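Colleague:
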Amino acid sequence: MIPVTKDNIRNFLKRASLFEESHLFLPEHATSFTPTKLAPEIYTKDEINEMVTGICGAQEKLGDELKTLVDDTYQHLDRGYNEIFRNMAEMKTEIESMQHILEKEATTSPSIDANKATSIDVKPQTSQIPAEPESLAEKKDEWEIAYINTRINDVYNPLNNNDRQQVRSHGR
């Protein structure tokens with residue numbers, strides 16, 4: 103600890119007012135410090151312009167690099183989104199086509215003569231495939247509807263499906 107008196111403080115403040123930007127110390131401890139005086143530098147207009155140009159150039163370069171990084175990142179995202187939207191449109195068309203076919207099958211009534219020969223002279227085929235029993239036809243329709251619903255969910259809820267797959271894979 104350094105003992106300091108009121109006189110030392112007055113002398114210290116006087117010296118501080120004389121030297122604006124230098125290290126101040128008590129005279130007894132002058133050998134412990136190396137005083138430095140900061141001289142203000144004077145720059146020419148050309149030097150200032152060169153510094154400003156350098157700063158602006160560096161800032162512009164960083165801006166260009168940042169723009170390139172952002173563009174590279176978003177290009178991949180845009181491609182991914184475009185691919186998803188294209189697949190969704192294709193699936194929607196496919197689903198609508200399937201639904202149209204199912205509606206058409208449901209409204210088309212079988213002909214009365216479907217299993218009969220058109221002429222008495224024509225021998226009926228003996229190896230005909232028997233018609234599906236009603237319960238199998240209903241199960242087929244249920245399966246097709248479930249398949250279509252699954253495809254719709256895959257299109258409109260892809261993130262939920264990924265979450266379920268991740269939970270399944272982590273749960274094992």
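Quick note, the sequence shown lines up with residues 103 to 274 if you use our numbering. Virtual Cβ for every residue (Gly too), placed ideally from N, Cα, C. This structure is a prediction, so every number in the text was calculated from the model and none was measured.
(1) Report yes or no: is there a C-beta of chain B within less than 7 Å of the C-beta of D173?
(2) Only counting the same chain, and skipping five residues up and downstream in sequence, which positions put a Cβ closer than 6 Å to that of V257?
(3) Just the Cα atoms here: how many angstroms apart are G182 and Y176?
(4) Given a threshold of 16 other Cβ atoms within 10 Å of its Cβ, counted over all protein chains shown, does N259 qualify as buried or as exposed?
(5) Determine the closest residue to S199 out of N113, E162, N255 and I250, with distance taken between C-alpha atoms.
(6) May I have the straight-line CA-CA distance separating T209 from F187, to the nearest angstrom?
Modeller: By the coordinates alone:
(1) Going by chain labels, chain B is absent from the structure shown, which holds only one protein chain.
(2) M190 and M193
(3) 10 Å
(4) So N259 ends up on the exposed side.
(5) Minimum Cα distance to S199 is reached at I250.
(6) It is roughly 33 Å from the alpha-carbon of T209 to the alpha-carbon of F187.
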